[in-house]
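Notes to accompany the following structure.
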Amino acid sequence: MAQACAVADKELHSISQQLNHILSDQDAILASIESDPNLKIAGSAAEEKPNDIQDILNKDAELSKRLSALEELKLVANLIDEFKANFDLWELENCYYSLQSLRKRLEKVDMSLFPVQFQGLLKMHIDSLHVDLLSRIDKVMRQFWDISAKSVTFNKNITVGCDDVQLEYTSFALFLKSCFFSQDHFEPTSWFVATMNMGDAKDKATNLLATAFNEWVRLQIVHEKLKQFLFSASVSLSLNNSTLSASQGPGGLEDTLKSFEAIVSFLKDVITVDDTAVILAKLGNTLLTEIVRFVKQNSSHLFAPGTNYKSLVVSLNDMLTGLSQKAGQSWQYGGRELDNLINDDSVVNNLMLDRLLQEQISAIRERFAQEDWKNKRAVKAKTRKTLLPTSAGEHPKAHRGSTGTEDDEWAWDNDDVSAEVEEDEDGWGSETEIALDSKDAQNSKEHPKKDAGGESDWQNAWDEAASIGSDLDDAMKITQIPDLFNRIFSNFEIGCEKIGRDKISTVADYKRNVLLTSFMAMCMCRYEEWWQLYHDVNFIISESADARKLYRLHELNTHFVNTHIENLKKTARKIMGQQLRNFQANDKSPNWGIAIESLLPYIETAALPALIKLRDSRILSEFLEFLYTDCLVNEIMSWRMISEKNSDNLAEFINLLLAGTDVKQMEVDPKIIHSREKLEIIGRVLTAHLTDIMDMFSNGDFYLFSTDEIVQWIVMLFADTGLRRECIDEVRTIREEQDI
Numbered sequence: 001m002a003q004a005c006a007v008a009d010k011e012l013h014s015i016s017q018q019l020n021h022i023l024s025d026q027d028a029i030l031a032s033i034e035s036d037p038n039l040k041i042a043g044s045a046a047e048e049k050p051n052d053i054q055d056i057l058n059k060d061a062e063l064s065k066r067l068s069a070l071e072e073l074k075l076v077a078n079l080i081d082e083f084k085a086n087f088d089l090w091e092l093e094n095c096y097y098s099l100q101s102l103r104k105r106l107e108k109v110d111m112s113l114f115p116v117q118f119q120g121l122l123k124m125h126i127d128s129l130h131v132d133l134l135s136r137i138d139k140v141m142r143q144f145w146d147i148s149a150k151s152v153t154f155n156k157n158i159t160v161g162c163d164d165v166q167l168e169y170t171s172f173a174l175f176l177k178s179c180f181f182s183q184d185h186f187e188p189t190s191w192f193v194a195t196m197n198m199g200d201a202k203d204k205a206t207n208l209l210a211t212a213f214n215e216w217v218r219l220q221i222v223h224e225k226l227k228q229f230l231f232s233a234s235v236s237l238s239l240n241n242s243t244l245s246a247s248q249g250p251g252g253l254e255d256t257l258k259s260f261e262a263i264v265s266f267l268k269d270v271i272t273v274d275d276t277a278v279i280l281a282k283l284g285n286t287l288l289t290e291i292v293r294f295v296k297q298n299s300s301h302l303f304a305p306g307t308n309y310k311s312l313v314v315s316l317n318d319m320l321t322g323l324s325q326k327a328g329q330s331w332q333y334g335g336r337e338l339d340n341l342i343n344d345d346s347v348v349n350n351l352m353l354d355r356l357l358q359e360q361i362s363a364i365r366e367r368f369a370q371e372d373w374k375n376k377r378a379v380k381a382k383t384r385k386t387l388l389p390t391s392a393g394e395h396p397k398a399h400r401g402s403t404g405t406e407d408d409e410w411a412w413d414n415d416d417v418s419a420e421v422e423e424d425e426d427g428w429g430s431e432t433e434i435a436l437d438s439k440d441a442q443n444s445k446e447h448p449k450k451d452a453g454g455e456s457d458w459q460n461a462w463d464e465a466a467s468i469g470s471d472l473d474d475a476m477k478i479t480q481i482p483d484l485f486n487r488i489f490s491n492f493e494i495g496c497e498k499i500g501r502d503k504i505s506t507v508a509d510y511k512r513n514v515l516l517t518s519f520m521a522m523c524m525c526r527y528e529e530w531w532q533l534y535h536d537v538n539f540i541i542s543e544s545a546d547a548r549k550l551y552r553l554h555e556l557n558t559h560f561v562n563t564h565i566e567n568l569k570k571t572a573r574k575i576m577g578q579q580l581r582n583f584q585a586n587d588k589s590p591n592w593g594i595a596i597e598s599l600l601p602y603i604e605t606a607a608l609p610a611l612i613k614l615r616d617s618r619i620l621s622e623f624l625e626f627l628y629t630d631c632l633v634n635e636i637m638s639w640r641m642i643s644e645k646n647s648d649n650l651a652e653f654i655n656l657l658l659a660g661t662d663v664k665q666m667e668v669d670p671k672i673i674h675s676r677e678k679l680e681i682i683g684r685v686l687t688a689h690l691t692d693i694m695d696m697f698s699n700g701d702f703y704l705f706s707t708d709e710i711v712q713w714i715v716m717l718f719a720d721t722g723l724r725r726e727c728i729d730e731v732r733t734i735r736e737e738q739d740i
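All residue numbers for the sequence shown refer to the UniProt record's numbering, where the first residue is 1 and numbers rise by one.
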């Protein structure tokens, strides 16, 4: 490239000298034309060729055109020399305008009159001038902004070149923005790039212009370096004249405050107003956020009596407001954020409480990082637990009526349940610690219960739960998490006492609930056996000296276990519904695989083992009642009729279900005994004749059925005949007589 440019420059200079020499002597030009034998016309030839004069005129026009092009080239050469002179003098703005004039002049030259090689060399040489100018601009800007790995220096004035030319930043930056980026953005189609011809040079110029815009107009390189300093750990910043330096330091409170001051002073007192506005448009909010975060996290030390940190924070806040005034509309800060922290003791106390809370949450995370938290130990499960009273009008909600997620604040999904069943030789142990049902959702219509509200309602539910099963204490296994909870909860309460409960009375309970919620959320992510988490939390509550403070944990644990139970119910209902629909569609050849391969294995190896591991007879009883009544009996009774084939199918299905749900822990539960007996009677009714049913009625086998239920079964099983009507009338008459 350099050799080609030198050749083109030499040729242009030679042409210029020759033209000057030829055009300076007009007489010599005329004499040369007259003496040129090629231009002489013989007398005889003139008479024979009258068109020779026209040829001479054409030749003259051609020479004139060429002469004009050479004169334009001479002006181009002069502009190139002008560019080089300005370039040597570091007059880069004049170089820009010289190039602009050169490009306009070059457009007037008919380059087709010159050899192709000359055209290429000339274009290459002029394109190189574009690149040279942009490269020198980049070099100058890197002297104004001297950026290294550990420092940023801004020089308002620099000395360049062998002649020590003085350059001033403000005027040079104005030249860069006004000439190359007048529309405040980079235009690849501007004349400076569009007039270039050579691909490589054009690409290089485009890249240099993009770099100039991003790094020296938008100051991205400065912004990134300041941001790096801001987020570097164990780094102390200092401002020496116009240099912001970073050094490794201990990172104490005073060092950090002075580092913030150094950055603010650099932006406020060192760089120009325009550059401050550009940088703060991106960095301002980040800088303020980091300062406020640091003050919040260290408020207990910064504002402690007997320290001078508070004066440093006040000074820093004043500097920030001054910086905002310099930045104008690009970034605005009125000092309110830090003023609140400096002058409001309640803010400081709340910040200390937040820090205390975060310390406990961090301790929970650290403990879960150690695998030995899963190690279990045996404890005695108590039959009666300390009551967690509710506030007036507040009732613990144990059982959700639906399986949806509209009241599921945690959005738990279905969990896979382990099929492994632990053998409990001692039955249930009556260790129920929290009543998950304030009342039985499937209570008999003849014995409804009413909510009393408040503590008494919960206490009654607790007493009922504790009364089911054995009255003897029973061993139960818990993990190491209850010990962790006791430690972090005790630390939190002690920390609140140190801050002063009267100072944080309005938020202490809320923060405690946040701690309990965070604890429960992290446990839910870590426990593989959800029933184990249920036991651990129950144990925590039962051993608490003041269980009222743990009511939120009780709520979350109740909701957690109910969500899993509802998922078990949802799956069981879905599979059972598939089997019943199959009976209706294919009563003669039903698909028994649904019941034998899906439903019964799910109940026997997933649902029941999980519920048994909960060691709560109330929950197990409610689940079985749900299977018998909601999923089976109520669904069948919604049918319009039962065919003879389906009578046999349903009877067989009931026998399979009763066998698959025969849980020894429920052998003494009166409600389950009645439900199983009632279902067994329904199985017999399905295959019995009408006279057999009336014999059963006479023998009192239907004591668990209402009159309407008996009538409905007869209607669904038998056709409308006189005998059926007589039987129905007899049932109604006898029942009415019994009610009198």
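Beta carbons are placed, not taken as given, at the ideal position from N, Cα and C, and that holds for glycine.
Quick check on the DSSP output: the beta strand (DSSP E) that includes A246 runs from which residue to which?
Position 246 of the sequence shown, counting from 1, holds the residue named residue 246. Element bounds for A246: 243–248.
So what does DSSP say about E91, is it helix, strand or coil?
For the purposes of this step, residue 91 is taken as the residue at position 91 of the sequence shown. Correct three-state label for E91: coil.
Assuming residue 769 contacts I642 (C-beta within less than 8 Å), just tell me the rounded distance between them.
Since the first residue of the chain shown is 1 and the last is 740, residue 769 is not available in this structure.
If you count every other CB in all the chains shown that lies within 10 Å of the CB of L280, and 16 or more means buried, which is it?
Reading the sequence shown from its first residue, position 280 is the one you call residue 280. Its Cβ being crowded by 16 or more others within 10 Å, L280 is buried.
Got a sec? Which residues, its chain only, sit under 8 Å from S14 by beta carbon, not counting five neighbours each side?
Locating residue 14 in the sequence shown gives position 14, counting from the first residue. In the same chain as S14, and ignoring 5 residues on each side of it, no C-beta atom comes closer than 8 Å to its own.
If you draw a straight line from the alpha carbon of K150 to that of Q166, how long is it in whole angstroms?
For the purposes of this step, residue 150 is identified with residue 150 of the sequence shown, where counting begins at 1. For the purposes of this step, residue 166 is identified with residue 166 of the sequence shown, where counting begins at 1. Each residue's Cα considered, the two are about 27 Å apart.
According to DSSP, L167 sits in a beta bridge with which residue or residues?
Numbered from 1 along the sequence shown, position 167 holds the residue referred to as residue 167. The partner list for L167 (beta bridge, DSSP) reads I158.
My parser needs the alpha helix (DSSP H) runs of 4 or more residues fully inside the stretch 314–343; what are they?
Complete alpha helix (DSSP H) runs here, min 4: 336–343.
Given L253, which residues of its chain have a CB within under 8 Å of its CB, disregarding the five upstream and five downstream residues?
The sequence position of residue 253 within the sequence shown is 253, counting from 1. Closer than 8 Å at the Cβ level, and outside the excluded window around L253, lie N298, H301, L302, Y309.
Please report how far the alpha carbon of A262 lies from the alpha carbon of K123, in whole angstroms.
Here residue 262 refers to the residue found at position 262 when the sequence shown is read from its first residue. Here residue 123 refers to the residue found at position 123 when the sequence shown is read from its first residue. Going from the Cα of A262 to the Cα of K123 covers about 50 Å.
Can you give the Cα-Cα distance for G593 and R581, rounded to whole angstroms?
Here the question's residue 593 lines up with position 593 in the sequence shown. Here the question's residue 581 lines up with position 581 in the sequence shown. Cα to Cα, G593 sits roughly 13 Å from R581.
Would you mind reading off the limits of the alpha helix (DSSP H) that contains D662?
Locating residue 662 in the sequence shown gives position 662, where the first residue counts as 1. Taken as a continuous stretch (DSSP letters only), D662 belongs to no alpha helix (DSSP H), as it is neither H nor E.
According to DSSP, is V731 part of a helix, a strand, or is it coil?
Within the sequence shown, residue 731 is the residue found at index 731, counting from 1. Helix, per DSSP.
Pick out whichever of M352, L356, I291, D274 has its Cα sitting closest to the Cα of A327.
The residue you call residue 327 lines up with position 327 of the sequence shown. Of the listed residues, the one whose Cα sits closest to A327 is D274.
Tell me which residue opens and which closes the beta strand (DSSP E) that N349 is part of.
Residue 349 sits at position 349 when you count from the first residue of the sequence shown. Run containing N349: none in the beta strand (DSSP E); it sits in the alpha helix (DSSP H), 345–368.
With 16 as the cutoff for other CB atoms within 10 Å, does V731 come out buried or exposed?
Counting from one through the sequence shown, the residue named residue 731 turns up at place 731. That one is buried.
In terms of residue numbering, what span does the beta strand (DSSP E) encompassing W145 cover?
Looking up residue 145 in the sequence shown gives position 145. It spans 145–147 - the beta strand (DSSP E) in which W145 sits, taken as one unbroken run.
Check A521 in the structure and name its three-state DSSP category.
Working through the sequence shown from its first residue, we reach residue 521 at position 521. Note: A521 maps to helix in three-state DSSP.
What does the Cβ neighbour count give for E406, buried or exposed, with the cut at 16 atoms within 10 Å?
Numbered from 1 along the sequence shown, position 406 holds the residue referred to as residue 406. Confidence at E406 is low in this model, with a pLDDT of 36, below 50, so the placement of that residue should be treated as unreliable; the coordinate-derived value is given next. Per the 10 Å Cβ criterion, exposed.
Kindly give me the distance between the Cβ atoms of R615 and M524, rounded to whole angstroms, as I take these residues to be in contact under 8 Å.
On the sequence shown, residue 615 is found 615 positions in, with the first residue counted as 1. On the sequence shown, residue 524 is found 524 positions in, with the first residue counted as 1. Actually they do not touch by this definition, with Cβ atoms about 20 Å apart.
Let me know if C496 comes out buried or exposed under the rule of 16 or more other beta-carbons within 10 Å of its beta-carbon.
As a working mapping, residue 496 is identified with position 496 in the sequence shown. Burial call: buried.
Could you tell me if T733 is buried or exposed, where buried requires 16 or more neighbouring beta carbons within 10 angstroms of its beta carbon?
If you number the sequence shown from 1, residue 733 lands on position 733. Result: exposed.
Near F539, what residues of its chain come up, given a Cβ to Cβ distance below 6 Å and the 5 sequence neighbours on each side ignored?
By one-based count along the sequence shown, residue 539 stands at place 539. Excluding residues within five positions, the ones whose Cβ falls inside 6 Å are I478, P482.
Quick check: the Cα distance between E737 and W713, rounded to an integer number of angstroms?
The sequence position of residue 737 within the sequence shown is 737, counting from 1. The sequence position of residue 713 within the sequence shown is 713, counting from 1. Roughly 21 Å between the two C-alpha positions.
Specify, as a first and last residue, the run of the alpha helix (DSSP H) that S544 falls within.
The count along the sequence shown starts at 1 and reaches residue 544 at position 544. Here S544 belongs to no alpha helix (DSSP H), and DSSP marks it neither H nor E.
Cα-Cα, which of A201, F175, T206 is closest to S190?
In the sequence shown, counting from the first residue as 1, residue 190 sits at position 190. The option with the nearest alpha carbon to S190 is T206.
CA-CA distance, L92 and G251?
Within the sequence shown, residue 92 is the residue found at index 92, counting from 1. Within the sequence shown, residue 251 is the residue found at index 251, counting from 1. Within the model, the alpha-carbon separation for L92 versus G251 is close to 45 Å.
Using the Cα positions of I596 and T571, report the straight-line distance between them to the nearest angstrom.
Position 596 of the sequence shown, counted from the start, is the residue given in the question as residue 596. Position 571 of the sequence shown, counted from the start, is the residue given in the question as residue 571. C-alpha separation (whole angstroms): 15 Å.
How would you call G700, buried or exposed, if buried means at least 16 neighbouring beta carbons within 10 angstroms?
Translated into positions along the sequence shown, residue 700 becomes position 700. With fewer than 16 other Cβ atoms within 10 Å, it is exposed.
Where H399 and I619 are concerned, what is the direct C-alpha to C-alpha distance, given to the nearest angstrom?
Along the sequence shown, read from residue 1 onward, the residue named residue 399 stands at position 399. Along the sequence shown, read from residue 1 onward, the residue named residue 619 stands at position 619. With a pLDDT of only 34 at H399, under 50, the local geometry of the prediction cannot be trusted, and the value read off the model is given with reservation. The alpha-carbon atoms of H399 and I619 are separated by roughly 10 Å.
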